[in-house]
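Counting from 576, one number per residue, gives the positions in the sequence shown under my numbering.
Okay, structure first, notes after.
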Amino acid sequence: DQILRPKKPVKRLPPGPWKLPLIGNMHQLVGSMPHQTLATLAQNHGPLIHLKTGTVSNIVISSPRLAEEALKNNDISFASRPAILASKIMSYDSTNIVFSPYGSYWRHLRKICVTELLSAKRVESFRKVREEEVLNFINSIALSEGSPINLSKKIFSLTYGVTSRAAFSGKSRDLEAFISIITQFEKLHKEADQILEDIITEHKERRHKPDDDNREEVKDLVDILLDLHDKGELEFPLSVDNIKAIILDMFSAGSETSSITVEWTRAELLKNPRIMEKAKNEVRLVFDGLEDVDEAGIHELRIIKAASCCASCPKRMPRGLSARRYIPFGAGRRTCPGISFALSNIELPIAQLLFHFDWKLPNGMKPEDLDMTEARGLSIRRKHELFAVPFAYHPRVE
Ligand code: HEM
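Structure, rendered in structure tokens:
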């Protein structure tokens with residue numbers, strides 16, 4: 576006689592490396608460069624693998640086609656975020672955009688982000704801010720003509736400078752302390768909170784002084800969020816903590832990613848002088864007769880666009896694969912809403928650096944000797960800061 580037993584549910588998990596009790600695959604990931612380890616595991620186990628970090632199951636996708644399948648065609652299944660303790664502490668109980676779980680609150684924030692804060696029109700409204708900051712950056716490099724400069728440091732302070740001017744007009748007395756705290760992430764949420772509180776109070780006070788001559792014409796992101804807060808007609812009225820969480824997002828999701836892309840692009844160009852030469856000729860041709868690169872012509876710079884796209888992708892790409900296929904900004908519902916903001920912050924400084932200077936590596940270093948070692952972090956940055964020597968080029972002005 577046949578005994579009918581309830582069928583055990585079959586777990587159809589993808590293959591993966593051997594897992595240890597309790598820690599799963601953590602021993603393989605700790606201390607290594609995770610993206611490199613995952614790439615090696617994918618070579619051995621295929622583009623879809625199952626890993627365990629402690630008790631948590633993870634599926635890792637390592638092919639553009641499968642990533643598109645998950646993020647675009649099945650994006651609703653992957654549109655939420657796990658609850659992470661760090662984001663609970665740092666991001667006002669995960670009420671920011673980056674970490675809020677998929678649902679009506681996230682949808683509401685996302686709409687504010689896409690239509691109010693990071694729309695093409697808003698990004699354009701910050702054009703003067705970007706152009707001024709990039710010009711100051713170029714002028715500060717010109718002062719060190721002929722000597723090695725720490726390009727990494729300069730690039731990072733440029734990006735943070737543009738973001739803070741766009742986010743809160745960059746006038747807070749505590750700006751440097753704020754940047755140093757948020758870049759160290761774990762360090763004292765309380766301190767960052769106090770600085771944000773002061774920034775918001777300053778903005779509120781300023782709103783009651785309509786005749787303030789020093790006030791920037793362009794509304795910054797805090798102004799826009801306070802407008803929404805005051806209107807209070809939203810389905811989810813924005814609290815001051817929500818505003819703080821969103822402003823933190825602009826820095827944490829936006830600044831390091833963009834600076835790192837500029838830094839890697841510069842490094843790739845110094846390592847490949849032939850491409851540097853082509854990119855330089857293109858910029859100087861497109862802006863021939865002008866004193867400066869302006870944003871109006873920047874879309875014509877094909878080589879810079881391609882180079883910066885590669886730099887924000889996984890480093891060692893298989894030959895012949897278009898960088899765009901690596902979807903550096905994600906895809907689907909949670910795709911990066913800051914693409915226009917990012918591209919404007921990335922392309923203008925790269926173009927200006929090529930337009931105004933010829934570049935050499937310091938101390939007679941050969942391009943092939945430039946160290947491209949990566950360092951661990953939320954985004955993969957260079958292990959060693961990038962140094963290079965600028966030589967001024969004086970454009971023919973009509
Ligand atoms: C090179 C620069 C950048 C890269 C490579 C990048 C990449 C990404 C990626 C891969 C995601 C996750 C997508 C997903 O989960 O499917 C993301 C999300 C996000 N990015 Fe960016 N990003 C960049 C710049 C920026 C900038 C400049 C801002 C804002 C000023 C920004 C704001 C955000 C926000 C708010 C999210 C969360 C979206 C959500 O969860 O709904 N990003 N970004």
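The beta carbon of each residue, even a glycine, is placed where N, CA and C say it ideally should be.
**Asked** Hey, out of Ala617, Ala642, Gly629, whose CA is closest to Ala906's CA?
**Response** Numbered from its first residue, the sequence shown carries residue 906 at position 331. Selected option, being the one with the closest Cα: Ala642.
**Item:** Closest by C-alpha distance to Val793, when choosing among Pro937, Lys703, Ala854, Ala752
**Value:** Looking up residue 793 in the sequence shown gives position 218. Nearest of Pro937, Lys703, Ala854, Ala752 to Val793, Cα basis: Lys703.
**Message:** Quick check: is any heavy atom of the ligand HEM less than 8 Å from the C-beta of Gly905?
**Reply:** Translated into the one-based positions of the sequence shown, residue 905 becomes position 330. Correct: Gly905 has its Cβ closer than 8 Å to the ligand HEM.
**Message:** Less than 6 Å between C-beta atoms, sequence neighbours within five positions excluded: which residues of the same chain meet that for Asn633?
**Reply:** Locating residue 633 in the sequence shown gives position 58, where the first residue counts as 1. The residues are Leu626.
**Message:** Could you compute how far the alpha carbon of Ile822 sits from the alpha carbon of Phe753?
**Reply:** Reading the sequence shown from its first residue, position 247 is the one you call residue 822. Reading the sequence shown from its first residue, position 178 is the one you call residue 753. For Ile822 and Phe753, the distance between alpha carbons rounds to 12 Å.
**Prompt:** For the putative contact between Phe932 and Val698, defined by C-beta atoms under 8 Å, what is the C-beta separation to the nearest angstrom?
**Reply:** Mapped onto the sequence shown, residue 932 falls at position 357. Mapped onto the sequence shown, residue 698 falls at position 123. That belief does not hold up - the Cβ atoms of Phe932 and Val698 are roughly 26 Å apart, past 8 Å.
**Prompt:** Are Val972 and Glu810 close, meaning C-beta to C-beta below 9 Å?
**Reply:** Residue mapping note: residue 972 aligns to position 397 of the sequence shown, counting from 1. Residue mapping note: residue 810 aligns to position 235 of the sequence shown, counting from 1. Their beta carbons are not under 9 Å apart, which means Val972 does not touch Glu810 by this criterion.
**Item:** Member of Gly807, Leu813, Arg782 whose CA lies at the smallest distance from the CA of Asp798
**Value:** Within the sequence shown, residue 798 is the residue found at index 223, counting from 1. The residue with the shortest Cα to Cα distance from Asp798 is Arg782.
**Prompt:** Comparing the CB of Leu803 with every heavy atom of the ligand HEM, is any distance shorter than 8 Å?
**Reply:** For the purposes of this step, residue 803 is taken as residue 228 along the sequence shown, with counting starting at 1. It does not: the Cβ of Leu803 is nowhere closer than 8 Å to a heavy atom of the ligand HEM.
**Message:** Using C-beta distances below 7 Å, list every residue in its chain close to Ser954, excluding the 5 sequence neighbours before and after it, in chain order.
**Reply:** Position 379 of the sequence shown, counted from the first residue, corresponds to residue 954. For Ser954, where only same-chain residues beyond five positions count, the Cβ hits under 7 Å are Glu831, Thr832, Ile835.
**Item:** Under the three-state DSSP convention, the category Ile902 falls into
**Value:** As a working mapping, residue 902 is identified with position 327 in the sequence shown. In the structure shown, Ile902 sits in coil (DSSP, three-state: anything other than H, G, I, E or B).
**Asked** Per DSSP, what kind of secondary structure is His959 in: helix, strand or coil?
**Response** Within the sequence shown, the letter at position 384 stands for residue 959. His959: coil per DSSP, three-state reduction.
**Item:** Distance, Gly939 Cα to Asp650 Cα
**Value:** Reading the sequence shown from its first residue, position 75 is the one you call residue 650. Reading the sequence shown from its first residue, position 364 is the one you call residue 939. Those two C-alpha atoms are separated by around 50 Å.
**Asked** When DSSP builds the beta bridges, which residues end up paired with Asn633?
**Response** Numbered from 1 along the sequence shown, position 58 holds the residue referred to as residue 633. Answer by DSSP bridge pairing, in chain order: Leu626.
**Message:** With three or more beta-carbon pairs closer than 8 Å as the criterion, would you say the stretch 868-882 touches the stretch 650-659?
**Reply:** no
**Asked** Could you give the distance in angstroms between the alpha-carbon of Phe731 and the alpha-carbon of Leu710?
**Response** Your numbering for residue 731 matches position 156 in the sequence shown. Your numbering for residue 710 matches position 135 in the sequence shown. If you take the alpha carbons of Phe731 and Leu710, they lie about 15 Å apart.
**Prompt:** What is the DSSP secondary structure of Val837, counted as helix, strand or coil?
**Reply:** In the sequence shown, the residue the question calls residue 837 occupies position 262. Helix.
**Message:** Below 8 Å, how does it come out for the stretch 717-724 and the stretch 686-698: are there three or more Cβ pairs, yes or no?
**Reply:** no
**Message:** Is Asp824 close to the ligand HEM? I mean its beta-carbon at under 8 Å from any heavy atom of the ligand.
**Reply:** As a working note, residue 824 is residue 249 in the sequence shown. Yes; taking the cut-off as 8 Å, the Cβ of Asp824 has a heavy atom of the ligand HEM nearer than that.
**Message:** Is the beta carbon of Leu796 closer than 9 Å to that of Met825?
**Reply:** Position 250 of the sequence shown, counted from the first residue, corresponds to residue 825. Position 221 of the sequence shown, counted from the first residue, corresponds to residue 796. Contact flag set, yes.
**Prompt:** So, is Ile873 buried or exposed, given that buried needs 16 or more other C-beta atoms within 10 angstroms?
**Reply:** Residue mapping note: residue 873 aligns to position 298 of the sequence shown, counting from 1. Buried.
**Message:** Please classify Met892 as buried or exposed, where buried requires at least 16 neighbouring CB atoms within 10 angstroms.
**Reply:** Here residue 892 refers to the residue found at position 317 when the sequence shown is read from its first residue. Note on Met892: pLDDT 45, under 50, position unreliable in the model; the coordinate value appears next. Label assigned to Met892: exposed.
**Item:** Exposed unless 16 or more other CB atoms sit within 10 angstroms - verdict on Asn920
**Value:** In the sequence shown, the residue the question calls residue 920 occupies position 345. Counting Cβ neighbours within 10 Å, Asn920 comes out buried, since at least 16 surround it.
**Prompt:** Given that a residue counts as buried once 16 or more other Cβ atoms are within 10 Å of its Cβ, and exposed if not, what is Thr840?
**Reply:** Numbered from its first residue, the sequence shown carries residue 840 at position 265. So Thr840 ends up on the buried side.
**Sub-9 Å separation of Leu945 and Lys846 beta-carbons** = The sequence position of residue 945 within the sequence shown is 370, counting from 1. The sequence position of residue 846 within the sequence shown is 271, counting from 1. Cβ atoms of Leu945 and Lys846: closer than 9 Å.
**Message:** Looking at the secondary structure, which residues open and close the beta strand (DSSP E) in which Asp650 lies?
**Reply:** Here residue 650 corresponds to residue number 75 of the sequence shown, with the count starting at 1. Here Asp650 belongs to no beta strand (DSSP E), and DSSP marks it neither H nor E.
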